[in-house]
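Engineer: My questions will all concern the structure given below.
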């Protein structure tokens, strides 16, 4: 019974090798199913003539660990738990580099401003926290897109808050992770 540990209440137990394999197979089967369904959507949009006026966006709210660092699931601040899938398919009328991949650091806060700009809607009157990804989609090699740093937080048992920071400097990836006691804030104004 070799293998990573898994949290089970307040103790850790070892997951047998056969179960690890089963869990990985299940995860990859789910990814394959989603991939097939997205392909069906794109094919249907093409067949019905709606592709030229439809933006397709696929994202997740978390990554997933399959035993790396002894972790299983989405509940971590490590790289694989904090990274999320984000795929955007723009209609041909919007300038972009189809099929390209970018290594720029972006955040899910950037999704709404991207949709607003791509749909040619008026900008909201209030300041948005995100930034449209369309300039990055025109030039995917544009590494200095935004902050060049992203943060993730996730709480752990025992009142700890995990914080990770991911940054790029000189084309190298730097990751920082710490676990500290959670600080609870008291609101200064209650409505």
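Residue numbers (the working numbering): 81 to 271. A virtual CB, placed ideally from N, CA and C, is assigned to each residue, including glycine.
#1: Check residue 174 in the structure and name its three-state DSSP category.
#2: Just the Cα atoms here: how many angstroms apart are residue 197 and residue 175?
#3: Measure the beta-carbon distance from residue 242 to residue 157 and round it to whole angstroms, keeping in mind my assumption that it falls under 8 Å.
#4: Look at the alpha carbon of residue 206 and the alpha carbon of residue 195, and state the distance between them as a whole number of angstroms.
#5: Among the candidates 229, 162 and 97, whose CA atom is the shortest distance from the CA of residue 143?
#6: On a Cα-Cα basis, can you pick out the residue from 172, 160 and 100 that is closest to residue 122?
#7: Nearest CA to the CA of residue 213: which residue from 132, 189 and 103?
#8: If I measure Cβ to Cβ from residue 131 and keep anything under 7 Å in the same chain, skipping five residues before and after, which residues do I get?
#9: Do you know offhand how far residue 218's Cα is from residue 98's?
Structural biologist: For this structure:
#1: Reduced to three states, the DSSP call for residue 174 is coil.
#2: One Cα belongs to residue 197, the other to residue 175, and the distance between them is close to 12 Å.
#3: Going by Cβ atoms, the distance from residue 242 to residue 157 rounds to 4 Å, so yes, they are a contact pair.
#4: Whole-angstrom Cα-Cα distance: 16 Å.
#5: Minimum Cα-Cα distance from residue 143 among the listed residues 229, 162 and 97 corresponds to 162.
#6: Taking only the C-alpha atoms, the option nearest residue 122 is 172.
#7: When each option's Cα is compared against that of residue 213, the closest is 189.
#8: Listed in chain order, the non-local C-beta contacts of residue 131 below 7 Å within the same chain comprise 125 and 171, local neighbours out to five positions each way being set aside.
#9: Rounded to whole angstroms, the separation of the alpha carbons of residue 98 and residue 218 is 45 Å.
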